[in-house]
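Numbering (the numbering used here), first residue to last: 311 to 689.
Written out below as structure tokens is the structure these notes cover.
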């Protein structure tokens, strides 16, 4: 599919309204959307513009949708606005629960629907950027993504096999096909006039770079939403996470907020400020806290653990109360290392984070056994 795109003038990245940007998305495009729950790195302005255009003009049609991380509010935000019959025909997600309107289409057999493990999906996007056909992984063997079971298919109208069982040196692996996206919705905080982007107000990086590279290298259009634009070559090179040559269109939203419904930016969550222990709110004594406290007992001193969304999001707070938070390191799959995670839909928005990796690298560490004997606290 050959795509038309606005041209740069004197090296400047085209700056368009969201409505004008959406006009560059053709029928049958494969759209990859960055973002996590609670509005984290969500290009909301672009998503809403696409939903509005289809509502009014029934165009573009029959998109394929890729979403590595669950973005949304478990109701009407995230990619739920795209849940309009005829707009999306096919979806591949690493997490389906945050945008239930899309899940409804899958349950009603109105779209073809697949589920790759979240880490595998972001790794296949990296493979797509390198023009590799897919990845081999032990992740998923014996689960519903194993082709001997459902092969990651979520309903009756989903028939194409994307996952194969292979054997190499007498060992079983799953081969996950890499799907090449040709439209990207990504978000950053600031970009210069040539498209070089920084994430200073954001909670994390997710796989923004991987998505941008995958779309660019497959001849697609990278659309990036930012809060502001500055003069070219004025951003610190170590702060730049997206090089300008990957970006085709910039949409500026001066009202962009770090998370849904809050202040434009919380400097504790962005990592600029450290929250004193005395300022941290204790969890109420209830069943969730008791389960989180029991899970805490499984952590060993010096261990590296992974906490997942749900009751596990309280483990860091309980560890702080018990005075043992510095005995081990808790990580979140989306990239944060250390600190105490937010609870609810904005899970992963940590305070007092020690470091932040891109999501793809975090999953490389997990998949390679980096957690070792540490408790994998996915509750």
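A virtual CB, placed ideally from N, CA and C, is assigned to each residue, including glycine.
Here the structure is a predicted model, which means the values were calculated and not measured.
Same chain only: Cβ atoms within 6 Å of residue 602, ignoring 5 sequence neighbours per side: Along the chain shown, one-based indexing puts residue 602 at 292. Hits under 6 Å: 621, 624, 625 and 628.
Beta bridge counterpart(s) of residue 322 as assigned by DSSP: Looking up residue 322 in the chain shown gives position 12. Per DSSP, 319.
Sequence-distant residues of its chain with Cβ nearer than 6 Å to residue 396 (five each side left out): Within the chain shown, the letter at position 86 stands for residue 396. Correct list, in chain order: 371.
Within-8 Å CB hit, residue 374 to chain C: Note that chain C does not occur in the displayed structure, where there is just one protein chain.
Inter-stretch contact (C-beta, 8 Å, three-pair minimum) for the region 341-352 and the region 573-587: no
Same chain, Cβ closer than 6 Å to residue 392, five either side skipped, listed in chain order: Your numbering for residue 392 matches position 82 in the chain shown. Excluding residues within five positions, the ones whose Cβ falls inside 6 Å are 361 and 398.
For residue 410 and residue 369, the rounded distance between their alpha carbons: Within the chain shown, the letter at position 59 stands for residue 369. Within the chain shown, the letter at position 100 stands for residue 410. If I take the Cα positions, the gap works out to 22 Å.
Per-residue burial, residue 533 [other beta carbons within 10 Å of its own, 16 or more giving buried]: Here residue 533 refers to the residue found at position 223 when the chain shown is read from its first residue. Buried, because 16 or more other Cβ atoms sit within 10 Å of the Cβ of residue 533.
Proximity test, residue 434 beta-carbon vs the ligand FMN heavy atom, cut-off 7 Å: By its list of ligands, the structure shown contains no ligand whatsoever, and the ligand FMN lies outside what it can speak to.
Neighbourhood of residue 508 by C-beta, 7 Å cutoff - its chain only, sequence neighbours within 5 removed: In the chain shown, the residue the question calls residue 508 occupies position 198. Only 498, 499, 500, 545, 549, 550 and 551 meet the Cβ criterion.
Residue 314 versus residue 514: straight-line alpha-carbon distance, rounded: Taking the chain shown and counting its residues from 1, the one referred to as residue 314 is at position 4. Taking the chain shown and counting its residues from 1, the one referred to as residue 514 is at position 204. Near 31 Å, if we compare the C-alpha coordinates of residue 514 and residue 314.
Residue span of the alpha helix (DSSP H) that contains residue 627, given as start and end: Taking the chain shown and counting its residues from 1, the one referred to as residue 627 is at position 317. Where residue 627 is concerned, the enclosing alpha helix (DSSP H) stretches over 625-632.
At least three beta-carbon pairs within less than 8 Å, the region 518-526 to the region 480-487: no
Secondary structure of residue 489, DSSP reduced to three states: For the purposes of this step, residue 489 is taken as residue 179 along the chain shown, with counting starting at 1. Coil.
Three-state secondary structure assigned by DSSP to residue 465: Here residue 465 refers to the residue found at position 155 when the chain shown is read from its first residue. Coil, per DSSP.
Residue 311 versus residue 676: straight-line alpha-carbon distance, rounded: On the chain shown, position 1 is the one that residue 311 refers to. On the chain shown, position 366 is the one that residue 676 refers to. Cα to Cα, the separation comes out at about 36 Å.
Residue closest to residue 319, alpha-carbon to alpha-carbon, out of 512, 505, 638 and 461: One-based indexing of the chain shown puts residue 319 at position 9. Closest by alpha carbon: 505.
Cβ pair residue 494, residue 521 closer than 8 Å: Numbered from 1 along the chain shown, position 184 holds the residue referred to as residue 494. Numbered from 1 along the chain shown, position 211 holds the residue referred to as residue 521. Yes, these two residues count as a Cβ contact at 8 Å.
Residue 478, buried or exposed, once every other Cβ within 10 Å from all chains shown has been counted against 16: To locate residue 478, count along the chain shown from 1; it is residue 168. Residue 478 comes out exposed.
Length of the line joining the Cα atoms of residue 659 and residue 679: Position 349 of the chain shown, counted from the first residue, corresponds to residue 659. Position 369 of the chain shown, counted from the first residue, corresponds to residue 679. The straight-line gap from Cα to Cα measures roughly 24 Å.
Cβ-Cβ distance between residue 560 and residue 536 below 8 Å: On the chain shown, residue 560 is found 250 positions in, with the first residue counted as 1. On the chain shown, residue 536 is found 226 positions in, with the first residue counted as 1. In contact: residue 560 and residue 536 (Cβ atoms closer than 8 Å).
Option in 376, 412 and 429 with minimal Cα separation from residue 390: Along the chain shown, read from residue 1 onward, the residue named residue 390 stands at position 80. Cα-wise, what sits closest to residue 390 is 412.
Candidates 635, 604, 617 and 618: closest to residue 611 by CA position: As a working note, residue 611 is residue 301 in the chain shown. Looking at the Cα atoms, 635 is the closest of the given residues.
Residue range of the unbroken beta strand (DSSP E) whose run includes residue 401: If you number the chain shown from 1, residue 401 lands on position 91. First-last of the beta strand (DSSP E) with residue 401: 398-403.
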